[in-house]
Amino acid sequence: MKNIIIVFFFFSFSLTAQDNLLSLINLEEEPNYTSYTFKGTKVVNGQSIELPSSGVLQFNIQHRFGPLNSGSYYLYGLDNAQVRFSLEYGLKDWFCLGIGRSSSSKTIDGNMKLKILRQVTGTKTFPFTLVANSSIYFNQSTKDQIDLPSFRFTDQLIYLHQVLLARKINRNLSIQFTPTFLHYNAIEIHDNESFHDSFSLGIGGRQKITKRISINGETFIQLYNPQNNNVISFGFDIETGGHVFQLHVSNSPAMIEPLFITMTDADFLQGDIYFGFNISRVFTIKKD
Amino acid sequence: MVRQIISVFLFFFCFICNAQQYIGNKGKITFFSEAPIENISAVNNNVSAVYDSDTQEIVFQLKIKDFIFPKKLMQEHFNENYLESDIYPTSVFQGKVFDQNTDNVRVHGSLSIHGEKNQIVVDGELFHKQDVVNIKALFSIKLEDYNIDIPKLVIYNIAEVIEINVDIELKEIL
Chain D
32 MKNIIIVFFF
42 FSFSLTAQDN
52 LLSLINLEEE
62 PNYTSYTFKG
72 TKVVNGQSIE
82 LPSSGVLQFN
92 IQHRFGPLNS
102 GSYYLYGLDN
112 AQVRFSLEYG
122 LKDWFCLGIG
132 RSSSSKTIDG
142 NMKLKILRQV
152 TGTKTFPFTL
162 VANSSIYFNQ
172 STKDQIDLPS
182 FRFTDQLIYL
192 HQVLLARKIN
202 RNLSIQFTPT
212 FLHYNAIEIH
222 DNESFHDSFS
232 LGIGGRQKIT
242 KRISINGETF
252 IQLYNPQNNN
262 VISFGFDIET
272 GGHVFQLHVS
282 NSPAMIEPLF
292 ITMTDADFLQ
302 GDIYFGFNIS
312 RVFTIKKD
Chain A
-6 MVRQIISVFL
4 FFFCFICNAQ
14 QYIGNKGKIT
24 FFSEAPIENI
34 SAVNNNVSAV
44 YDSDTQEIVF
54 QLKIKDFIFP
64 KKLMQEHFNE
74 NYLESDIYPT
84 SVFQGKVFDQ
94 NTDNVRVHGS
104 LSIHGEKNQI
114 VVDGELFHKQ
124 DVVNIKALFS
134 IKLEDYNIDI
144 PKLVIYNIAE
154 VIEINVDIEL
164 KEIL
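Quick mapping for you: the protein sequence lines, in order, are chains D and A. According to this note's numbering, the first sequence is numbered sequentially starting from 32. According to this note's numbering, the second sequence is numbered sequentially starting from -6.
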C-alpha cells in the first residue's frame, strides 16, 4: 500500500514538469535518406551520383587549357583553351537528361542518369547509392568527310554505360566506384581492329575542407584492353550561392569519357598537367 | 484508512493533470527573409506542439529537414551550410504564458536552433475553444544569435533578421 502511494505521489508531480511536456511529442521515426554526397553532378570529369533536382536546369561551362609544362610562349597552357557547354535537366529527382558539346573534338553528347537505390539510415538501412548512367557521343564531320564514299554515320558513334556506386562515409568524406563500359563503333586512330570495347573502373572521392569548399580526386583504371595512360584528376569545388566553381588539374584535357578514359597520352608525373575549370549555374524551371 | 484516502486522491490528481494537455503535430511554421537580391521563404507543415492549460506551459518541436523551399538549391544550402541539419536535426521552443489578455498572450521561453539556446519573448494569439486550442504568432529572430554565419559573398542574398510565422491547432489529450 505504501508503495502505491509513493508511485501515485511521484506520478502526479512528474506530469507538470516541462521536459515531460516535450516527451509527449513523439517525432516519427522515418528513414533518413543520405543527401548531398557530392556538390556537383561531376566528381571531376566523370559523372557523380548527384542529379539536378526535379524541375531544375543546370547550365555548365567547362574550360580546359593546354599543358602546364608548355612554356612561357604558350603562357603555361593558358593560350590554348577548349570549351564544353552542357545542359542537364532533372525530369524527376531520380531521372535526368543531359546534352553537351565539346569544342576541340567537335563532339555532341547526350546522357541520361537514373537513380536506382539511395543510401539510407534510420528505420531503413542501405549502405550506398546506386545510379546508372548511359551516354552516346557523336563526332561531327565536315562536308568533305561526309562526301567520302567510305563515310558512315554509325562510325561516328560511341556508347558509354556505367554504374555509379557511392557512399557518403561522413558529412565530409564521400567515395564513389564507377565500373564503366565503352563501345566505339569505329576507331580510326588505332590500327588494332579488335579495339571496340573498353572496361574501366573509376574511383573518385571528395573531402570537404570547409562548409563550402571540397577537394575532389578521380581516376579511371583501364582493366581491359588498356590503350593509353590512366587519367588522374584533382579538383576544388567552391560553392557560392547559385554557382558552383570547380577548379582542377588533370593529365587529360578532355571533358568527355571516351577521350579521357582511353585516350589520355599525358603522364601526370612528367608534368603533363592541364588546368581547367567548370562553372555551373542552376535555374529553377518548374516549382513544386 | 488515511492512506487509502490519500492514494485515491493522488490517483485522481494524476489524471486531472493529463486532462489539461493539448497536442498537435500538423502545425505550420513559415519563415521569410527579405533581402536586396532574393527573398527567401520556406514552410514546415509538420510542427508538433503541446500546451498545458493548467501550468500554462507550451512546447514546440520541429525537424529542420521538413522545411520545404521553392528552390531546391536553397533547401540544400539551408540544410548543408546554414542549419547543418545532420548535426542539429531539430529545433525546440519551451515556454510559458505569462501575460494573457483575452486571446492575446505573451510567452517567455527558450528557443534552440542550430545548437544555440536563447531566451525570447513572443506575442501571439491563443484561442481556446472546448477541446481545441489554436495558436498563432509572428516574431523575428537574428541569425547571429543562433551562430548561423553568412559568408561575405552572399551577404546581400540573406537578411540578418528572419521573420517567423506560427500557426497550429492542438487537440485535447484524452
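Glycine included, C-beta positions come from ideal geometry on N, C-alpha and C.
- Would you mind stating whether Q207(D) and S79(D) have Cβ atoms separated by less than 9 Å? Translated into positions along the first sequence, residue 207(D) becomes position 176. Translated into positions along the first sequence, residue 79(D) becomes position 48. In this structure, S79(D) lies closer than 9 Å to Q207(D) by Cβ.
- Item | As assigned by DSSP and simplified to three states, the class of L99(D) | As a position in the first sequence, residue 99(D) is number 68, starting the count at 1. In this structure, L99(D) counts as helix in the three-state DSSP scheme.
- Message: Measuring only the C-alpha atoms, how far is F182(D) from L128(D)?
- Response: Walking along the first sequence from the start, residue 182(D) turns up at place 151. Walking along the first sequence from the start, residue 128(D) turns up at place 97. Here the C-alpha atom of F182(D) lies approximately 29 Å from the C-alpha atom of L128(D).
- Query: Using the beta-carbon of each residue, which ones in chain D are nearer than 7 Å to I141(A)?
  - Reply: Position 148 of the second sequence, counted from the first residue, corresponds to residue 141(A). By Cβ distance, chain D contributes nothing, its closest Cβ being about 11 Å from I141(A), past 7 Å.
- So what does DSSP say about E81(D), is it helix, strand or coil? For the purposes of this step, residue 81(D) is taken as the residue at position 50 of the first sequence. Correct three-state label for E81(D): coil.
- Message: At a cut-off of 8 Å, would you count L82(D) as near the ligand FMN, judging by its Cβ distance to the nearest heavy atom?
- Response: The model on display carries no ligand, and the ligand FMN is accordingly not part of it.
- Item | Start and end residues, alpha helix (DSSP H) containing E31(A) | Here residue 31(A) refers to the residue found at position 38 when the second sequence is read from its first residue. Note, E31(A): premise wrong, no alpha helix (DSSP H); not H, not E.
- Cβ-based burial, G102(D) [other Cβ within 10 Å; buried from 16]: By 1-based counting over the first sequence, the position of residue 102(D) is 71. Exposed, by the Cβ-count rule.
- Between the segment 234 to 254 of chain D and the segment 266 to 285 of chain D, do at least 3 Cβ pairs fall closer than 8 Å? yes
- Message: Let's test the definition: count the other Cβ atoms within 10 Å of the Cβ of I287(D) and tell me whether it reaches 16, buried, or not, exposed.
- Response: Numbered from its first residue, the first sequence carries residue 287(D) at position 256. Buried.
- Item | S264(D) and N76(D) closer than 9 Å at C-beta | For this step, residue 264(D) is matched to residue 233 along the first sequence. For this step, residue 76(D) is matched to residue 45 along the first sequence. Cβ atoms of S264(D) and N76(D): closer than 9 Å.
- Task: Can you grab the Cα-Cα spacing for the pair L106(D) / F96(D), in whole Å?
- Result: On the first sequence, position 75 is the one that residue 106(D) refers to. On the first sequence, position 65 is the one that residue 96(D) refers to. Pairing L106(D) with F96(D), the inter-Cα distance amounts to about 10 Å.
- Message: My output table needs one value for I292(D): the three-state DSSP class, helix, strand or coil.
- Response: The sequence position of residue 292(D) within the first sequence is 261, counting from 1. DSSP places I292(D) in helix when its eight states are reduced to three.
- Task: Report the neighbours of N74(A) on chain D: residues whose CB is nearer than 9 Å to its CB, in chain order.
- Result: Taking the second sequence and counting its residues from 1, the one referred to as residue 74(A) is at position 81. Ordered by position in chain D, the residues that pass the 9 Å Cβ test against N74(A) are K242, R243 and E270.
- Task: Please classify Q93(D): does DSSP put it in a helix, a strand, or coil?
- Result: Counting from 1 along the first sequence, the entry for residue 93(D) is found at position 62. Strand at Q93(D).
- On the DSSP bridge assignment, give the partners of K144(D) in chain order. The residue labelled residue 144(D) in the question sits at position 113 within the first sequence. C127(D) and N164(D).
- Task: Give a yes or no on contact between the segment 151 to 162 of chain D and the segment 300 to 317 of chain D, applying the rule of three or more CB pairs nearer than 8 Å.
- Result: no
- Message: Among the candidates H121(A), S103(A), E165(A) and G108(A), whose CA atom is the shortest distance from the CA of Y139(A)?
- Response: Position 146 of the second sequence, counting from 1, holds the residue named residue 139(A). Taking only the C-alpha atoms, the option nearest Y139(A) is G108(A).
- Item | Backbone secondary structure at F60(A) - three-state DSSP | Position 67 of the second sequence, counted from the start, is the residue given in the question as residue 60(A). DSSP places F60(A) in coil when its eight states are reduced to three.
- Query: Residues of chain D with a CB under 8 Å from the CB of I16(A): which are they?
  - Reply: Along the second sequence, one-based indexing puts residue 16(A) at 23. Those are L55 and I56, listed as they occur along chain D.
- By the criterion of Cβ-Cβ separation under 7 Å, what are the contact partners of L52(D) in chain A? Counting from 1 along the first sequence, the entry for residue 52(D) is found at position 21. Neighbours of L52(D) on chain A, chain order: V43, D45, E50 and V52.
- Please name the residue in R115(D), T68(D), L58(D) and Y64(D) whose C-alpha comes closest to that of Q238(D). Within the first sequence, numbered from 1, the residue matching residue 238(D) stands at position 207. Looking at the Cα atoms, T68(D) is the closest of the given residues.
- Task: Using a Cβ cut-off of 9 Å, pull out every chain D residue sitting near T173(A), in sequence order please.
- Result: This structure does not reach residue 173(A), given that chain A is present from -6 up to 167, and the question cannot be answered.
- Counted within 10 angstroms of its Cβ, other Cβ atoms place Q193(D) as buried (16 or more) or exposed: If you number the first sequence from 1, residue 193(D) lands on position 162. With 16 or more Cβ atoms within 10 Å of its Cβ, Q193(D) is classed as buried.
- Message: I need the boundaries of the beta strand (DSSP E) containing E19(A), first residue and last residue.
- Response: Here residue 19(A) refers to the residue found at position 26 of the second sequence. In the sequence on display, residue 19(A) carries Lys and not Glu. Membership of K19(A) in the beta strand (DSSP E) is indicated by the continuous run Q14 to S26.
- Where do the ends of the beta strand (DSSP E) carrying I252(D) lie? Here residue 252(D) corresponds to residue number 221 of the first sequence, with the count starting at 1. Residues I244 to Y255.
- Message: Output needed for V90(A): all residues of its chain with C-beta closer than 6 Å, excluding positions within five of it in sequence on either side, in chain order.
- Response: Position 97 of the second sequence, counting from 1, holds the residue named residue 90(A). If we look at V90(A) and ignore the five residues flanking it on each side, its Cβ neighbours are Q49, V98 and V100.
- Message: Once DSSP output is grouped into helix, strand and coil, what is the label at E165(A)?
- Response: The sequence position of residue 165(A) within the second sequence is 172, counting from 1. DSSP places E165(A) in strand when its eight states are reduced to three.
- So is S45(D) buried or exposed if we call it buried at 16+ other beta carbons inside 10 Å? One-based indexing of the first sequence puts residue 45(D) at position 14. Legend: pLDDT at S45(D) = 46, less than 50; position of this residue unreliable, no value from coordinates given.
- Query: Since Q112(A) is in the beta strand (DSSP E), which residue starts that stretch and which ends it?
  - Reply: Counting from one through the second sequence, the residue named residue 112(A) turns up at place 119. Residues E109 to K122.
- Just the Cα atoms here: how many angstroms apart are Q171(D) and I22(A)? Taking the first sequence and counting its residues from 1, the one referred to as residue 171(D) is at position 140. Taking the second sequence and counting its residues from 1, the one referred to as residue 22(A) is at position 29. Going by the C-alpha atoms only, they are around 54 Å apart.
- Message: Only counting the same chain, and skipping five residues up and downstream in sequence, which positions put a Cβ closer than 7 Å to that of K135(A)?
- Response: As a working mapping, residue 135(A) is identified with position 142 in the second sequence. For K135(A), where only same-chain residues beyond five positions count, the Cβ hits under 7 Å are E153 and V154.
- Start-to-end residues for the beta strand (DSSP E) that takes in K65(A): Reading the second sequence from its first residue, position 72 is the one you call residue 65(A). No beta strand (DSSP E) contains K65(A), which is instead part of the alpha helix (DSSP H) from K65 to H70.
- Among residues of its own chain, excluding the 5 on either side of N11(A), which ones have a beta-carbon nearer than 7 Å to its beta-carbon? Taking the second sequence and counting its residues from 1, the one referred to as residue 11(A) is at position 18. Per-residue confidence for N11(A) stands at a pLDDT of 49, beneath the threshold of 50, marking its modelled position as unreliable; the derived number appears in the next sentence. Only I166 meet the Cβ criterion.
- Message: Any beta carbon from chain A within less than 9 Å of R237(D)'s own beta carbon?
- Response: Position 206 of the first sequence, counted from the start, is the residue given in the question as residue 237(D). Not one chain A Cβ lies under 9 Å of R237(D).
- Item | Exposure of N309(D), with buried meaning 16 or more beta-carbon neighbours within 10 Å | Your numbering for residue 309(D) matches position 278 in the first sequence. The residue is buried, with at least 16 neighbouring Cβ atoms inside 10 Å.
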